[in-house]
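Working notes for the structure below.
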Amino acid sequence: MGDSTGPSSSVASLACDSPRGRNGHPGRTALVASSATGRPGMIVVAIIVLTCAVVMVFCAVDQRRRRVAERNWRTSMEPLLRNSSGYPADWQRRRALVWIRAHGRCELCLRRIGRLSCGHDEIWVLPPEEHLLFGAQVHHIQHRLRGGDHSMENLRLICDQCHAAEHPGNQNLRELAAASRAKASRRRGHRWGTATSGGVTQRRRWAH
Ligand SMILES: [Zn+2]
Ligand SMILES: [Zn+2]
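Following this line, the structure appears as structure tokens:
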């Protein structure tokens with residue numbers, strides 16, 4: 054009854070091109086199968102494209118947020134707090150940045166030290182007081198007692214041993230250095246101690 058030149062005619066021609074059934078009818082099964090596999094495939098592709106777009110937008114916004122936070126810190130917070138009388142509120146952030154700048158090596162003996170508990174970029178979205186650097190110390194090149202400030206230029210990454218040598222009168226740093234040596238020794242699987250026998254100091258080793 055309908056016009057044979059409309060979309061229904063193209064469907065009919067498709068049906069005619071498809072294999073015929075047992076009774077000679079056009080292959081409806083083939084048509085249904087092709088539409089059934091084509092539509093879900095397009096939906097999956099659309100979902101993937103949409104997901105990629107959302108992820109890209111999210112990453113761009115996140116990167117911008119980090120760049121703005123870094124710029125704000127460098128232009129306002131860092132100069133403002135560098136002359137704090139005690140340790141500044143962003144001291145932990147400064148320590149983490151010093152570690153990154155030094156590529157995780159003591160700037161005196163070049164030994165690898167410390168680790169960060171976050172990715173380099175994450176520093177800017179974490180609170181400035183959050184403790185991020187472990188296993189390394191940060192030293193004021195010009196000591197605080199001699200008027201040195203907390204600016205990044207006056208800070209250097211330093212290991213326990215070198216730090217104790219920089220502050221020979223600091224008992225806490227000496228103890229930290231000794232504890233660090235003992236820990237490193239244990240990690241190697243042996244611990245060295247001293248024992249006095251007959252007035253002669255001997256080195257003694259025992260395995261763990
Ligand atoms: Zn060192
Ligand atoms: Zn120091």
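Note that the working numbering has the sequence shown beginning at 54, numbered continuously upward.
Virtual Cβ for every residue (Gly too), placed ideally from N, Cα, C.
Tell me, please, whether the region 202–209 touches the region 180–194 by the rule of three or more beta-carbon pairs shorter than 8 Å.
yes
Any idea if Val151 is buried or exposed, counting beta-carbon neighbours within 10 angstroms, 16 or more meaning buried?
buried
Once the 5 residues before and after Asn76 are set aside, which same chain residues still bring their CB inside 8 Å of it?
With a pLDDT of only 49 at Asn76, under the threshold of 50, the placement of this residue in the model should not be trusted, and no figure is reported.
Hey, how far is the Cα of Cys159 from the Cα of Ala231?
17 Å
Rounded distance between the beta-carbons of Ile176 and Arg146, thought under 8 Å:
6 Å
Check whether the Cβ of Gln224 sits closer than 8 Å to any heavy atom of ligand 3, and report yes or no.
Judged by which ligands are present, ligand 3 is missing from the structure shown, whose ligands are ligand 1 and ligand 2.
For Ser301, which residues in the same chain have their Cβ closer than 8 Å to its Cβ, ignoring the five residues on either side in sequence?
Any question about residue 301 goes unanswered here, given that the chain covers just 54 to 261.
Simplified DSSP assignment, three categories, for Arg135:
coil
Reference Gly139, options Leu198, Val107 and Asn125, closest by Cα
Leu198
Just to confirm, is the Cβ distance from Asp213 to Ser233 under 9 Å?
yes
Report the rounded CA-to-CA distance for Arg120 versus Ala149, giving the unit in angstroms.
17 Å
Which residues does DSSP list as the beta-bridge partners of Leu161?
Partner(s): none; Leu161 has no beta bridge.
Would you say the beta carbon of Leu161 is closer than 8 Å to some non-hydrogen atom of ligand 1?
yes
Considering only the beta carbon of each residue, do Ala189 and Ile211 sit closer than 9 Å?
yes
C-alpha distance - Ser129 paired with Ala122, whole-angstrom precision
10 Å
Check the DSSP bridge columns for His193 and list the partner residues they point to.
Leu208
At the level of alpha carbons, what is the spacing between Glu206 and Arg127?
13 Å
Contact defined as beta carbons within less than 8 Å: I believe Cys162 pairs with Cys215. What is the distance between those atoms, to the nearest angstrom?
6 Å
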